[in-house]
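**Student:**
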Amino acid sequence: MSTATQQDSEFAARPWLGFSNRERVVLIVALYFVSVSSYMDRFVIAILQEPIRAEFDLSDTQLGLMSGFAFAALYSVLGIPIAALADRTNRRNIITAALTLWSGMTALCGAAQNFTHVILARIGVGVGEAGMLPPTHSLVGDYFPPDGRSIAFAVLTFGNSTGVALGMVGGGFIAAEFGWRIAFFAAGIPGVLMAYFVHRAIKEPRQIWGHPPKPKIETDGGFLASSLQLLRKPTYFHIVTATTIYFFVVGGAILFIPSHMIRALDMPIEQVGLYFGLSTATSAAIGAMIGGRLADKLSKLDPRWMLRFPAIAMVAVFPLFSMFLMFDDYRIALVFFFIAWAILTMGYTPIFAAVQAVAGSSRRAIAVAFLFVSTTLIGNGIGPVATGVISDRLAPQYGDESLRYSMMIIMVLLLWSAWHFWRARLTIVDDFEDSTSGAGSQEK
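Count along the sequence shown starting at 1, add 159, and that's the number in my numbering.
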């Protein structure tokens, strides 16, 4: 075998060895902007819910269906075949096609004439966004070595929060000046233009070195068999359970917090967008950067820190979020939110590095896809609906305060999430598949 052939074989098995730091930076910058567009288009509806509710005379349950379940239903289901494609085909092409679709459907939300139209457009956004996460996370696994992925995912997490902030701040100001329809147009159109530049920036490793060899544990049973194999690993099972509960709580809260601030705190929409959006982005930037770097350093010494982090974060933010919801003074409330969101983001960043480590090179996209089927359908899909249903049940007694108490009830579940993350740390060393991941004795 020639030296070049041996090198190509090694790069196919461990593709991160073939990329320079400059190429990694180009990839992560491109994916950062994809993440910004994704979360801006996904969450701009949160700041626009109140004017939409007023125009179409909607209940909180309908708001939860519109903002959460309509997006999540097909998003979660389509993640399965798209993840299978991402493990076999050109991931760059999947990402750019998805970006074009979800951005276009976001713009179409602005053309809605009734509740059904908004639901259909939001379903379209979900169909597009289903093509983003599995190939994105799979590419990060190819470009970055195992001990450098937490910081890469921290950058993407910051992109998520930046997108939420842009959607909130920009959406709030544009809605106040020009109406909620124009806000949707402004959120969606830039992503369609961005797709061309993203396609030019990303290299597909498989086009250079081919596909990695399949590990011995791999079967021919497809997505279901691979998912069942992964779920037999205690670490992966507990990560999926914990992260699903986390998204159930946070997915419901992040979509209804602006409505709570407009109703209960009597704040104008542009003020809510500005303060809540900037608080989200700034606190997430602090949490993602500190959490990513610290998790990478500590996980090199003891990989169990990848799961200790989120467990500690869930426990810490429960009282902080509760305090945020209790105060009527928005300035005091936002201080508690800022601290809580920073800690939550710190704990969130190592989760996907842990998934990468236990999944192995050829099943990364499948592992991420199954995780997001659960977290999206149950978390982002049912979480907002549950929050809305509880709010509607409490509304006859508490009026505009009902959202406050609904979210406080949902927040209790963060403690359940923390237990599963804490339990997962016991088995992560035994469940590693990345050969360069850390090792150590199992903690009792």
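Glycine included, each C-beta is placed from N, C-alpha and C at the ideal position.
Since this is a predicted model, take the numbers as computed values, not measurements.
If I measure Cβ to Cβ from Ile-470 and keep anything under 6 angstroms in the same chain, skipping five residues before and after, which residues do I get?
**Tutor:** The amino acid occupying residue 470 in the given sequence is Ala; Ile does not appear at that position. These residues qualify, in order along the chain: Ala-577, Phe-580 and Trp-581.
**Student:** Nearest by alpha-carbon distance to Tyr-191: which of Ala-583, Ile-361 and Trp-261 is it?
**Tutor:** Closest by alpha carbon: Ile-361.
**Student:** Which same chain residues end up closer than 7 angstroms to Ala-256 when comparing Cβ atoms and leaving out the 5 residues on each side of it in sequence?
**Tutor:** Here the set comprises Gly-290.
**Student:** From this set, Gly-410, Ala-518 and Gly-338, which residue's C-alpha is nearest Ala-271's C-alpha?
**Tutor:** Ala-271 has its Cα closest to that of Gly-338, out of Gly-410, Ala-518 and Gly-338.
**Student:** Can you tell which of Phe-531, Thr-586 and His-419 has its C-alpha closest to the C-alpha of Tyr-557?
**Tutor:** With distances taken between Cα atoms, Tyr-557 lies closest to His-419.
**Student:** Rounded to whole angstroms, what is the Cα-Cα separation between Lys-373 and Leu-530?
**Tutor:** In this predicted model, Lys-373 has a pLDDT of only 49, less than 50, meaning its place in the structure is not dependable; the value taken from the coordinates is given anyway. Distance between the alpha carbons of Lys-373 and Leu-530 is about 21 angstroms.
**Student:** Looking at the structure shown, is Asp-589 part of a helix, part of a strand, or coil, going by DSSP?
**Tutor:** Correct three-state label for Asp-589: coil.
**Student:** Could you tell me the alpha carbon to alpha carbon distance between Gly-416 and Leu-387, rounded to whole angstroms?
**Tutor:** A small correction: the amino acid at residue 416 is Ile; Gly does not occupy that position in the sequence shown. Cα-Cα distance, rounded: 36 angstroms.
**Student:** Return helix, strand or coil for Glu-182, following the three-state DSSP convention.
**Tutor:** Three-state DSSP puts Glu-182 in a helix.
**Student:** Have a look at Gly-285 and Ile-498 and give me their C-alpha separation to the nearest angstrom.
**Tutor:** If you take the alpha carbons of Gly-285 and Ile-498, they lie about 30 angstroms apart.
**Student:** What residue range does the alpha helix (DSSP H) around Asn-539 cover?
**Tutor:** Per DSSP, Asn-539 belongs to no alpha helix (DSSP H) and is neither H nor E.
**Student:** For Leu-222 and Ala-324, I'd like the C-alpha separation in whole angstroms.
**Tutor:** Distance between the alpha carbons of Leu-222 and Ala-324: 20 angstroms.
**Student:** In the DSSP assignment, find the unbroken alpha helix (DSSP H) run with Lys-456 in it and report its ends.
**Tutor:** Counting along the chain, the alpha helix (DSSP H) containing Lys-456 begins and ends at 428 to 460.
**Student:** With a threshold of 8 angstroms, are at least 3 pairs of Cβ atoms found where one atom belongs to the segment 434 to 450 and the other to the segment 309 to 326?
**Tutor:** With the cut-off at 8 angstroms, the segment 434 to 450 and the segment 309 to 326 touch.
**Student:** Residues in its own chain within less than 6 angstroms of Ala-333 by CB, not counting five upstream and five downstream?
**Tutor:** Position check: residue 333 holds Ile in this sequence, whereas Ala was assumed. Excluding positions up to five away in sequence, the list reads Ile-341, Ala-342 and Ala-345.
**Student:** Cβ of Ala-526 within 7 angstroms of Cβ of Val-544?
**Tutor:** Taking 7 angstroms as the Cβ cut-off, Ala-526 and Val-544 do not qualify as a contacting pair.
**Student:** Could you check how far apart the C-beta atoms of Val-474 and Leu-572 are, in whole angstroms? I think they sit under 8 angstroms.
**Tutor:** Not a contact, Cβ separation roughly 12 angstroms.
**Student:** If you reduce the DSSP assignment to three classes, tell me which class Ala-423 lands in.
**Tutor:** Three-state DSSP puts Ala-423 in coil, outside helix and strand.
**Student:** Just to confirm the assignment, what range does the alpha helix (DSSP H) spanning Asn-319 have?
**Tutor:** Asn-319 -> alpha helix (DSSP H) spans 308 to 337.
**Student:** Tell me where the alpha helix (DSSP H) around Asn-252 begins and ends.
**Tutor:** First-last of the alpha helix (DSSP H) with Asn-252: 250 to 268.
**Student:** Would you call Leu-460 buried or exposed, if buried means 16 or more other Cβ atoms sit within 10 Å of its Cβ?
**Tutor:** Exposed, because fewer than 16 other Cβ atoms sit within 10 Å of the Cβ of Leu-460.
**Student:** Please state if the CB of Thr-402 and the CB of Ala-443 are separated by a distance shorter than 7 angstroms.
**Tutor:** Against a cut-off of 7 angstroms, the Cβ pair of Thr-402 and Ala-443 comes out as no contact.
**Student:** Classify Arg-359: buried if its beta carbon has 16 or more other beta carbons within 10 angstroms, exposed otherwise.
**Tutor:** Answer is exposed; the Cβ neighbour count stays below 16.
**Student:** Pull up the distance between the alpha-carbon of Pro-478 and that of Ala-280, whole angstroms please.
**Tutor:** The alpha-carbon atoms of Pro-478 and Ala-280 are separated by roughly 36 angstroms.
**Student:** What are the boundary residues of the alpha helix (DSSP H) that includes Asp-301?
**Tutor:** Per DSSP, Asp-301 belongs to the alpha helix (DSSP H) from 292 to 302.
**Student:** Give the single residue among Gly-287, Ala-583 and Val-476 whose Cα lies nearest to the Cα of Arg-467.
**Tutor:** Checked all of Gly-287, Ala-583 and Val-476; the closest Cα to Arg-467 is Ala-583.
**Student:** Quick one: give me the first and last residue of the alpha helix (DSSP H) that Val-236 is part of.
**Tutor:** Counting along the chain, the alpha helix (DSSP H) containing Val-236 begins and ends at 229 to 245.
**Student:** Measuring alpha carbon to alpha carbon, tell me which of Glu-288, Ala-232, Ala-242 and Gly-506 ends up nearest Asp-200.
**Tutor:** Here the closest residue by C-alpha is Glu-288.
**Student:** In whole angstroms, what is the alpha-carbon distance linking Ile-569 and Thr-248?
**Tutor:** Near 40 angstroms, if we compare the C-alpha coordinates of Thr-248 and Ile-569.
**Student:** How would you call Asp-379, buried or exposed, if buried means at least 16 neighbouring beta carbons within 10 angstroms?
**Tutor:** Unreliable placement is indicated for Asp-379, whose pLDDT of 46 sits below 50; the coordinate value is still reported in the next sentence. Under this definition Asp-379 is an exposed residue.
**Student:** Is Asp-488 buried or exposed, if buried means 16 or more other CB atoms sit within 10 Å of its CB?
**Tutor:** Label assigned to Asp-488: exposed.
**Student:** Output needed for Leu-383: all residues of its chain with C-beta closer than 8 angstroms, excluding positions within five of it in sequence on either side, in chain order.
**Tutor:** There are no such residues.
**Student:** Comparing alpha-carbon positions, which option in Ser-262, Val-277 and Ala-242 lies nearest Ile-253?
**Tutor:** If we check each option's Cα against that of Ile-253, Ala-242 comes out closest.
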